[in-house]
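Each residue of the sequence shown is one higher than the one before, starting from 12 at the first, in my numbering.
Even for Gly, the Cβ is constructed at its ideal location relative to N, Cα and C.
Quick notes on the structure that follows.
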Amino acid sequence: MKLVLLGPPGSGKGTQAEKLSKEFNILKISTGDILRDAVHSNTELGRRVKEYLLKGRLVPDEIILDLMSQKLGNLKGFILDGFPRTLPQAIGLEKRTDIDFVVAFVLPNTTVISRLSKRRVCIKCGAVYSLDANPPLRKNICDRCGSKLRIRDDDKKSTIRKRFLVYKRETKPLEDFYKKKKILRYLDGNGSADEVYRRLKKLISNKV
Ligand SMILES: [Zn+2]
């Protein structure tokens, strides 16, 4: 199964990708993963990626596509989480491999904003909590290592709004792109992670 998960920040697609990957033993690949791998590999391409990241600039589509093609190689199945993010990336991906399904997560902005603003991370060990779904046992303290929890800069309300606008401008058009190819399916992203997962499995059941 070759699957793409599309959804705004906070839609829960990362969690769902993780669940599918575990249950069906399919590799989950995110742009963040391949950029990190590239930097660690210390290749020519990796060094260029590092420069972009250090300057806080977006890594160009061409570089991401090159890295992605290397990673995808001849894999028979994968789950792409957060890639493609732009139309040029989607067009580039299409030239390199076929996609069976694209699942677009649908949920109201207000839900996502409230979800993200309830997210807390541990500065030390990276554990992620949600004040709703899995709160820490002690307020603002990490269950795993006892360090203080905090709100990521990415999850602050002003930043969330900005991330939404970027998503709407750059990624939302992919829905039409894949709709025309008749491989787009919409997924109701409301409810708990388990509820969404049940829906997701149903949606793709004839492909896994
Ligand atoms: Zn911790």
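Buried versus exposed call for residue i [16 or more other C-beta atoms within 10 Å across all chains shown]
| i | result |
| --- | --- |
| residue 135 | exposed |
| residue 153 | buried |
| residue 193 | exposed |
| residue 216 | exposed |
| residue 39 | buried |
| residue 102 | exposed |
| residue 211 | buried |
| residue 203 | exposed |
Sub-9 Å separation of residue i and residue j beta-carbons
| i | j | result |
| --- | --- | --- |
| residue 147 | residue 130 | no |
| residue 14 | residue 37 | yes |
| residue 117 | residue 197 | yes |
| residue 114 | residue 214 | yes |
| residue 190 | residue 93 | no |
| residue 172 | residue 165 | no |
| residue 155 | residue 138 | yes |
| residue 304 | residue 78 | Residue 304 falls outside the range modelled here, since the chain spans only 12 to 219, and no answer is possible. |
| residue 31 | residue 75 | no |
| residue 200 | residue 18 | yes |
Assigned secondary structure, residue i (DSSP; H/G/I helix, E/B strand, else coil)
| i | result |
| --- | --- |
| residue 38 | coil |
| residue 144 | coil |
| residue 179 | helix |
| residue 89 | strand |
Rounded distance between the beta-carbons of residue j and residue i, thought under 8 Å
| i | j | result |
| --- | --- | --- |
| residue 98 | residue 185 | 7 Å |
| residue 128 | residue 168 | 6 Å |
Strictly closer than 6 Å from CB to any heavy atom of ligand 1: give me those residues in the order they appear in the chain.
In chain order, the residues with a C-beta atom nearer than 6 Å to some heavy atom of ligand 1 are 133, 135, 136, 138, 153, 155, 156, 158.
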